[in-house]
Amino acid sequence: MSARILDGKAIADALIQDIKQQVEEQRSAGQRAPGLAVILLGADPASAIYVRNKRRACETAGVLSLSHDLPAETSQAELLGLIARLNDDPQVDGILVQAPLPGHIDAATIIEAIRPDKDVDGFHPYNIGRLAVRQPLLRSCTPYGVMRLLHTTGVALRGLHAVVVGASNHVGRPMALELLLAGCTVTVCHSATRDLAGHVARADIVVAAVGRPEMVQGAWIREGSLVVDVGINRRPDGSLVGDVEFAVARERAAWITPVPGGVGPMTVASLLQNTLEAAKRH
Ligand code: NDP
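Letter by letter, the sequence shown follows residues 986 to 1267 of the working numbering.
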């Protein structure tokens, strides 16, 4: 069997068009456009590309993008000061601080400083906690995007065995909570997991979020499963590769996401969706 491709790019483009229409409706009802403040520290080339994509998507959707490009040596106190001002700014519905942050800044402190109702990345412990107790508000963008991709397959998720490979705070853990909320039986694998291949081989759904090129081998994939590759790894020649051995996995899976063009665009669409929802509440 050759898997059907979960075309994240096309699905995300359609979602952004839908958001655009909702923004237009709000504006014709006399409301202001949703506002997203995007903070970028330093000149990491990958971060710059992610931020550019987010700003472009804002433009397409009619969301006001407010740029704060700061030098890498910005102090934590200065960054906290900016976040405090944005928290109080009525034009700003969402605040995004692009990761990774320079080593002298404590990411957890920064995330907690963002007002939970403006935490459109869905990283604040309040929003992760809401998801854990089955009352999500602003949901972590990548897992939220993955769920929307999975729903487009039309496969009933309830009761399926999902294996998440990776347990980071911003991807693996909220991903496991999303799948649990959808009624899956969830296994979370991490660096201390024994027999990763065995876990993956028992999965109806595999979500790979490790950050190691093709570490999930195609031969591990169960026939007919749904495979979602969150990983974005750059090869020496500059091309991108996921965490799943795509060429082999696609011969076994029923559905699979490509890299690039799978989860990445869905993350951006979720960010805009969160910004719109935050604006509606504000
Ligand atoms: P992190 O480095 O924060 O986390 C990696 C996770 O993988 C950790 O939980 C780690 O375990 C686990 N891990 C490491 N080695 C193994 C192993 N041998 N077996 C099983 N698990 C292992 O990465 P992120 O979560 O930030 O990102 C993962 C990938 O997803 C990256 O490629 C990143 O670029 C990409 N990404 C893509 C996004 C998108 O929109 N498409 C958005 C965000 C990230 P432990 O906890 O024990 O250390």
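Positions of the beta carbon are idealized from the N, C-alpha and C atoms, including for glycine.
Asked	Found
Nearest-angstrom Cβ-Cβ length linking L1116 and E1044, presumed shorter than 8 Å	29 Å between Cβ atoms; not a contact.
Assigned exposure category for L991 - 16 Cβ within 10 Å defines buried	buried
Straight-line Cα distance separating Q1202 from P1019	42 Å
Buried versus exposed call for K1039 [16 or more other C-beta atoms within 10 Å across all chains shown]	buried
The ligand NDP heavy atom lying under 7 Å from the CB of G1196	yes
G1157 CB to nearest heavy atom of the ligand NDP below 7 Å	yes
Heavy atom of the ligand NDP within 7 Å of I1217 beta-carbon	yes
Neighbourhood of L1000 by C-beta, 6 Å cutoff - its chain only, sequence neighbours within 5 removed	A1254
Residues bridged to G1130 (per DSSP)	None, per the DSSP bridge assignment.
Contact test: D1003 Cβ vs the ligand NDP heavy atom, cutoff 7 Å	no
Start-end ranges of the alpha helix (DSSP H) lying completely within the segment 1161-1223, minimum 4 residues	1181-1186
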